[in-house]
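Per UniProt numbering, the very first residue in the sequence shown carries number 1; after that it's consecutive. What follows is a single structure, written as structure tokens, with notes after it.
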Amino acid sequence: MATIRDISEKAGVAKSTVSRYLNDGYVSEATRKKIEQTIKDSSSRLLNNFNLV
């Protein structure tokens with residue numbers, strides 16, 4: 001499972017920004033989209049790994 005650190009590194013944003021996003025704080029639209037896409041990509045990789053078993 002991806003951590004806040006993993007998501008922040010992959011999205012190119014600070015850990016605090018990912019935390020703010022997760023806690024429904026203000027994040028710009030562009031940053032929100034980057035974080036959401038990174039989370040979706042991480043989730044799909046995890047699901048694909050389970051399907052290989």
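We treat Cβ as the ideally placed atom computed from N, Cα and C, and that holds for glycine. Everything numeric in this text was worked out from a predicted model, so none of it was measured.
Using 7 Å as the cut-off, classify the Cβ of D6 as near or not near the heavy atoms of the ligand GDP, replying yes or no. This structure does not include the ligand GDP; it has no bound ligands of any sort.
Label A11 either buried or exposed according to how many other C-beta atoms from any shown protein chain fall within 10 Å of its C-beta, with 16 as the threshold for buried. Taking the sequence shown and counting its residues from 1, the one referred to as residue 11 is at position 11. It is buried - the Cβ of A11 has at least 16 other Cβ atoms within 10 Å.
Whole angstroms are fine: how far does the CA of M1 sit from the CA of K34? Counted from its first residue, the sequence shown places residue 34 at position 34. Counted from its first residue, the sequence shown places residue 1 at position 1. About 18 Å.
Can you check the UniProt domain "HTH lacI-type" (2-41) for any alpha helix (DSSP H) of at least 4 residues that lies completely inside it and give the ranges in chain order? For the UniProt domain "HTH lacI-type" (2-41), the full-length alpha helix (DSSP H) segments reaching 4 residues or more read 4-11, 15-22 along the chain.
Going by beta carbon distance, what residues of the same chain come within less than 7 Å of V53, once the five residues before and after it are set aside? Here residue 53 refers to the residue found at position 53 when the sequence shown is read from its first residue. Low confidence applies here, because V53 scores a pLDDT of 48, under 50, leaving its location unreliable; read the following figure in that light. Same-chain partners within the cutoff: there are none.
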